[in-house]
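Chemist: Quick one: structure below, then a few questions.
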Amino acid sequence: MASTNKGRTTLEVGTDGVAIITIINPPVNSLAFDVIYSLVDSFQEAARRVDVKAIVLTGANGKFCGGFDISGFIAMQRGTAKLEEPTPGYYSADVLSDSVEGGKKPLVAAIDGLALGGGLELAMICHARISTPAAQLGLPELTLGVIPGFGGTQRLPRIVGISKALEMILTSKPVKGTEAHGLGLVDAVVSPQELVSTARKWALDILERRRPWVASLYRTDKLDSLVEAREKFRFARAQSRKQAPNLTHPLICIDVMEEGIVSGGRVGLLKEYHHFQELIQSDTCKSLVHIFFAQRGTTKVPGVTDLGLKPRRVRKVAVLGGGLMGSGIATALLLSNYTVILKEVNEKFLQAGIGRIKANLQSRVKKGAMSQEKFEKTLSLLKGALDYESFKDVDMVIEAVIENVSLKQDIFSDLEKYCPPHCILASNTSTIDLDLIGKKTKSQDRIIGAHFFSPAHVMPLLEIVRTNQTSPQVIVDLLDVGKKIRKTPVVVGNCTGFAVNRMFFPYSEGAFLLIEHGTDPYQIDKALTKFGMPMGPLRLADLVGFGVVLASGMQFIENFPERTYKSRLIPLMQEDKRAGESTRKGFYLYDDRRKASPDPELRKYIEKARGISGVAIDPKMAKLSEKDIVEMIFFPIVNEACRVFAEGIAVKAADLDIASVMGMGFPSYRGGIMFWADLLGSKYIYSRLEEWSKSYGGFFKPCAFLAERAAKGAPLSAPMEQAKPRL
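Per full-length UniProt numbering, numbering of the sequence shown is gapless, rising by one per residue and ending at 727.
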């Protein structure tokens with residue numbers, strides 16, 4: 001059957017009578033449809049041939065199998081391709097279980113590199129598994145909104161026990177070969193050089209009955225009593241509902257696992273197949289698969305990454321400012337073995353910054369993520385400075401001082417004098433126009449935004465902001481640095497708030513509008529956390545502090561006066577020395593453990609703000625459903641995201657999805673802000689915004705792009721025909 005050069009299997013028979021079946025589909029030997037067809041052909045050929053006594057299954061180039069080819073999910077969702085099966089569950093039940101696992105020739109998996117998802121499921125069909133120490137084995141399917149579909153829900157509990165199987169599947173965390181051996185998931189651990197030869201001998205030993213011939217689907221020795229098993233599944237369901245209340249596929253997975261224990265493995269296989277097919281078509285799976293590919297697509301920037309430019313080597317980076325953000329950026333760089341100079345204005349501030357970096361690294365030591373020796377070595381890469389003398393050989397500077405235009409202009413003017421001509425001049429500003437920052441320099445081509453999110457050594461997003469003058473080489477260089485410090489970089493254009501902060505300014509402003517019109521403030525936060533946000537806008541305002549909220553809010557009021565909501569709520573609270581969590585009083589009250597509780601006094605500030613705004617309580621707003629609250633907060637965000645896309649600030653709508661998920665915590669299982677909007681439909685969003693704008697003003701007014709897409713019934717994420725990316 002299909003065996004193209006891209007995805008296939010090969011079969012070679014040695015003089016010992018052992019057939020080696022090798023999966024070949026670079027880079028991770030994933031199970032594309034053609035690979036599955038070819039694999040079945042190879043199994044059937046090995047079964048037929050009289051010169052084959054036993055079989056070893058392995059993968060090419062040091063990788064066993066990385067699982068099902070995820071692009072196949074999209075093909076199945078669109079109906080453009082599917083795994084051709086004569087009967088439901090044919091490959092899982094009839095071929096792999098009955099013919100291969102139940103076959104007359106022993107089969108051993110030789111695992112190196114990866115055995116993930118379908119890869120591990122194939123390995124578990126084998127009668128024994130030999131692994132290298134560093135190989136990774138796991139079932140991460142739940143991260144894509146589906147359940148294992150090739151018998152993983154049935155075999156893993158029988159091989160490692162119900163508790164460990166639940167843990168591995170529900171957390172999607174792989175185990176290494178050495179741990180897998182301790183669990184009984186693999187039968188032996190050997191070096192990569194000995195792997196195939198050991199597997200060959202093991203297969204022949206099984207044939208000669210010197211080692212056990214085990215069909216995992218029918219094992220019962222690791223299973224608990226039915227009463228104990230049911231209790232474990234009940235507990236797992238309760239935990240899953242608590243940790244992921246909006247997700248049903250983990251619960252379905254638990255049901256399928258339990259069905260197999262109660263009714264037998266083969267019944268479980270068919271139930272697994274049925275639910276896998278259903279879940280592939282779910283919005284959750286479509287969303288998570290979209291995020292998977294969107295995250296990998298952020299580094300493809302038309303007009304930049306397609307010019308054949310190679311990233312220049314960045315060895316030494318200077319960070320200006322040792323506050324929370326600067327110290328976090330320095331930590332991220334140090335963790336990836338960059339030499340870092342931390343510059344501050346005086347010795348006191350410098351030592352405080354170095355102290356923060358030490359604390360960041362020491363927390364990793366406490367968690368067991370870093371050895372004391374590695375801590376010392378990492379810290380030795382850090383040097384402190386009070387002037388620019390040591391900047392003469394730096395490859396990149398990241399400025400992370402307070403948001404003050406004239407201060408930043410002076411700094412960049414100095415950097416031009418003291419840094420070498422190839423040095424990248426980056427600013428971590430979150431609000432100030434980069435053209436303004438570089439106004440006093442002649443080096444606009446190497447000025448770029450490197451906007452990290454706090455805490456910078458933890459948060460995964462790096463917003464790379466290019467101006468009309470930024471050279472493609474500098475963008476390519478920063479993309480490479482972003483990758484090396486394990487960030488997901490998103491390249492955006494230069495504007496107020498760039499992509500993330502600009503898209504999400506209606507998050508807090510929308511909440512203030514709703515509150516002043518009569519919505520219970522705490523119901524707003526409750527509805528949005530229930531939707532899947534890490535915290536609602538009011539709790540978030542308390543966390544970042546009222547000073548920051550007000551300063552960033554003013555930027556948007558000045559630049560977008562027609563569509564911002566000007567509330568006096570926060571200034572009124574500031575007058576009473578409320579600043580948020582730092583003062584233990586904001587929208588919430590905070591105890592010694594920083595636990596938030598509603599504040600009855602908030603009502604008086606709301607009434608004052610309402611009076612200043614001249615707004616009356618709207619009975620409809622006072623009785624909003626959770627669905628209405630979510631839409632009234634998020635549809636203006638969708639509206640602003642449309643403007644960002646239409647203006648070419650973002651090259652792809654998918655980049656805005658990644659920015660929303662990684663920058664603001666929008667739930668990944670909803671696919672990001674634009675993907676989620678398209679699931680609801682442009683017409684619906686437009687009609688709701690238009691209706692609200694008539695009652696509550698320009699804050700809700702749909703933009704021209706949204707109106708145009710709605711009129712055509714077109715997806716908001718469809719590529720722009722006219723709008724060109726800013727270069």
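For glycine and all other residues, C-beta sits at the position ideal for the given N, C-alpha and C. Predicted model, so just to flag it, every value in this text is computed and none were measured.
1. Going by beta carbon distance, what residues of the same chain come within less than 6 Å of residue 531, once the five residues before and after it are set aside?
2. Quick check: the Cα distance between residue 249 and residue 142, rounded to an integer number of angstroms?
3. For the candidate residues 230, 163, 413 and 128, whose alpha-carbon lies nearest to that of residue 181?
4. How close, in whole Å, do the beta carbons of residue 635 and residue 685 come, if the pair is a contact with beta carbons under 8 Å?
5. Can you tell me which of 403, 256 and 425 puts its alpha carbon nearest to the alpha carbon of residue 413?
6. Considering only DSSP beta bridges, list what residue 136 is partnered with.
7. Just to confirm before moving on: does the CB-CB distance between residue 207 and residue 88 stay below 7 Å?
8. Figure out for me which residue from 521, 692 and 464 has the closest Cα to the Cα of residue 663.
9. Under the DSSP definition of a beta bridge, which residues are partnered with residue 10?
10. CB residue 499 to CB residue 644, shorter than 7 Å?
11. Where does residue 672 land, buried or exposed, given buried means 16+ other C-beta within 10 angstroms?
12. Tell me which same chain residues have a C-beta within less than 6 Å of the C-beta of residue 574, skipping the five on either side of it?
13. Where does residue 670 land, buried or exposed, given buried means 16+ other C-beta within 10 angstroms?
14. Which of the three DSSP states, helix, strand or coil, is assigned to residue 284?
15. Any chance the region 6 to 20 sits against the region 29 to 39, with 3 or more Cβ pairs inside 8 Å?
16. Along the chain, where does the alpha helix (DSSP H) containing residue 597 start, and where does it finish?
17. Classify residue 400 as helix, strand or coil using the three-state DSSP reduction.
18. Looking only at its chain, what residues have a beta carbon closer than 8 Å to the beta carbon of residue 160, apart from the 5 residues adjacent to it on each side?
19. Tell me which residues share the same chain as residue 3 and place their Cβ nearer than 6 Å to its Cβ, disregarding the 5 neighbours each side in the sequence.
20. Report yes if the CB atom of residue 132 is closer than 7 Å to the CB atom of residue 177, and no otherwise.
21. Under 7 Å between the Cβ atoms of residue 254 and residue 237?
22. Is residue 131 helix, strand or coil when you go by DSSP?
23. Counting only runs that start and end within the region 547 to 600, where is the alpha helix (DSSP H) found for 4 or more residues in a row?
24. Compute the beta-carbon to beta-carbon distance between residue 24 and residue 42, rounded to the nearest angstrom, for a pair I have assumed lies under 8 Å.
25. Just to confirm my understanding: we take residue 19, look at its own chain, exclude 5 residues before and 5 after, and list those with CB closer than 6 Å. What are they?
26. Are the beta-carbon atoms of residue 494 and residue 467 separated by less than 7 Å?
27. Go ahead and pull the three-state DSSP assignment for residue 724.
28. From residue 270 to residue 256, what does the alpha carbon distance come to, in whole angstroms?
29. Classify residue 729 as helix, strand or coil using the three-state DSSP reduction.
30. Contact between the region 385 to 403 and the region 358 to 374: three or more CB pairs below 8 Å?
31. Please list the terminal residues of the continuous alpha helix (DSSP H) segment that includes residue 636.
32. Which two residues bound the contiguous beta strand (DSSP E) that contains residue 153?
33. Nearest by alpha-carbon distance to residue 322: which of 333, 306 and 351 is it?
34. Residue 314 and residue 370: beta carbons closer than 7 Å?
35. With three or more beta-carbon pairs closer than 8 Å as the criterion, would you say the region 189 to 200 touches the region 107 to 121?
36. Between the Cα of residue 565 and the Cα atoms of 700, 542, 534 and 654, which residue gives the shortest distance?
Modeler: With the given structure in hand:
1. 630
2. 7 Å
3. 128
4. 5 Å
5. 425
6. 114 and 176
7. no
8. 464
9. 22
10. yes
11. buried
12. 546
13. buried
14. helix
15. yes
16. Segment 596 to 598 is the beta strand (DSSP E) holding residue 597; no alpha helix (DSSP H) there.
17. coil
18. 168, 183, 184, 185 and 222
19. Bear in mind that the predicted position of residue 3 carries a pLDDT of just 36, short of 50, making it too unreliable to give a figure here.
20. yes
21. yes
22. strand
23. 569 to 575
24. Their Cβ separation, rounded to whole angstroms, is 11 Å, which puts residue 24 and residue 42 out of contact at 8 Å.
25. 11, 13, 46, 52 and 55
26. yes
27. Because residue 724 carries a pLDDT of 37, less than 50, the predicted location of this residue cannot be relied on, and the following value inherits that uncertainty. It is coil, neither helix nor strand.
28. 9 Å
29. Because the chain spans 1 through 727 in this model, residue 729 falls outside it and cannot be assessed.
30. no
31. 626 to 646
32. Premise fails: residue 153 lies in the alpha helix (DSSP H), 152 to 160, not in any beta strand (DSSP E).
33. 351
34. no
35. yes
36. 700
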